[in-house]
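Trainee: Numbering of the sequence shown is given in our numbering, commencing with residue 42 and proceeding in unit increments. Sharing a structure below in C-alpha cells format, with a few things to ask.
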Amino acid sequence: MEERKYYDEFETIVGDILIHNEFQKLKKIDHHGNGLFQHSVAVGYYSFRVARLFGLDCRSIARGAILHDFFLESWQGKVKTGKGLKRIKEMHGFSHPKTALVNARKFFEIDERQADMIVKHMFPLTPIPPKHVGSWVVTAVDKWVATNELVFKKTQPIKRLRSLMSRA
C-alpha cells in the first residue's frame, strides 16, 4: 500500500509531462533495449524516491529527472560530419543533454535547477559537474537505471511502474 502512495504522488507531480503529446513520442525511441519513455519514467520515479528519502525537493527533482533524456529522435545511425573535437561534440552522449534541455524548455516550465539536472546528467562525459544536489541525484539514478537496463536488456526492470506508464 505504501508503494501505491508513492506512485500516486509521483503521477500527480509529472502527470502533465507523461500525457504530453511530445513526451509520448519517446515511446517510439529505443534506449538500452527498452524504450526511452520507460527509461525516462524510471529515472524520474527513482530520483523522486531518493529525493523523498533525503528530504530534498522531490517535485523539482522528479520533473527535471523525467525530462533528462527528452530528445525526440533516435540517435542510432545518425551521420556525423564533424572532424576532431567537433565530431566528439556531435556524439550522442555529449550532445543529447542540450537537446533535451531545449525540448524541455520549449514544452514545459523549467527552472534553473531542473535545467542543471537535464544538461549535466551525463557527467563525467560532459565535463562540467552538476551544481545542485538534485542534479547529482539524477546523474546517479540515470546511471543506475541505464546499467540495470543494459544488464537485464529487454526485461523491463521497472515492471512495478508498468501500470503508471500504461495510464499515460
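No residue lacks a Cβ here, since even glycine has one placed at the ideal position from N, Cα and C. Bear in mind that the values here come from a model prediction, so they are computed numbers and not experimental data.
How long is the line joining the alpha carbons of Phe51 and Lys172, rounded to whole angstroms?
Mentor: 24 Å
Trainee: State the Cα-Cα distance for the pair Leu59 and Pro168, rounded to the nearest angstrom.
Mentor: 30 Å
Trainee: Among Gly76, Arg90, Ile70, which has the Cα closest to the Cα of Arg45?
Mentor: Arg90
Trainee: Is it buried or exposed, Ile129, if we count other Cβ atoms within 10 angstroms and call 16 or more buried?
Mentor: Because Ile129 sits at a pLDDT of 47, beneath the cut-off of 50, its placement in the model cannot be relied upon, and the following sentence gives the value as read from the coordinates. Burial state of Ile129 is exposed, judged by a 10 Å Cβ sphere holding fewer than 16 other Cβ atoms.
Trainee: Can you give me the start and stop residues for the alpha helix (DSSP H) that Ile70 sits inside?
Mentor: That residue, Ile70, is in no alpha helix (DSSP H); it is neither H nor E in DSSP.
Trainee: According to DSSP, is Gly175 part of a helix, a strand, or is it coil?
Mentor: Helix at Gly175.
Trainee: Look up Gly96 in the DSSP assignment and say whether it is helix, strand or coil.
Mentor: DSSP places Gly96 in coil when its eight states are reduced to three.
Trainee: How about Ala210 and Asp110: do their beta carbons lie closer than 8 Å?
Mentor: Outside the displayed range of the chain (42 to 209) lies residue 210, so it cannot be described from this structure.
Trainee: Taking the Cβ atom as the reference point for each residue, do His80 and Val160 lie within a distance shorter than 8 Å?
Mentor: no
Trainee: Determine, using beta-carbon pairs with one atom in the region 97-105 and one in the region 82-89, whether at least three such pairs fall under 8 Å.
Mentor: Three or more Cβ pairs drawn from the region 97-105 and the region 82-89 lie within less than 8 Å of each other, which places the two stretches in contact.
Trainee: Could you tell me which residues DSSP puts in a beta bridge with Gly85?
Mentor: Answer by DSSP bridge pairing: none, since Gly85 is not bridged.
Trainee: Going by the beta-carbon positions, is the gap between Ala106 and Met163 smaller than 8 Å?
Mentor: Taking 8 Å as the cut-off, the Cβ atoms of Ala106 and Met163 do not count as close.
Trainee: Taking C-alpha atoms, which residue in Phe193, Lys69, Val178, Glu190 lies nearest to Phe95?
Mentor: For Phe95, the closest C-alpha among the options Phe193, Lys69, Val178, Glu190 is that of Val178.
Trainee: Considering just the uninterrupted stretch of the alpha helix (DSSP H) at Asp152, what are its terminal residues?
Mentor: Element bounds for Asp152: n/a, residue is neither H nor E.
Trainee: If I follow the unbroken alpha helix (DSSP H) through Phe64, where does it start and stop?
Mentor: Where Phe64 is concerned, the enclosing alpha helix (DSSP H) stretches over 62-65.
Trainee: Residues in its own chain within less than 8 Å of His137 by CB, not counting five upstream and five downstream?
Mentor: Asp110, Phe112, Trp116, Met163
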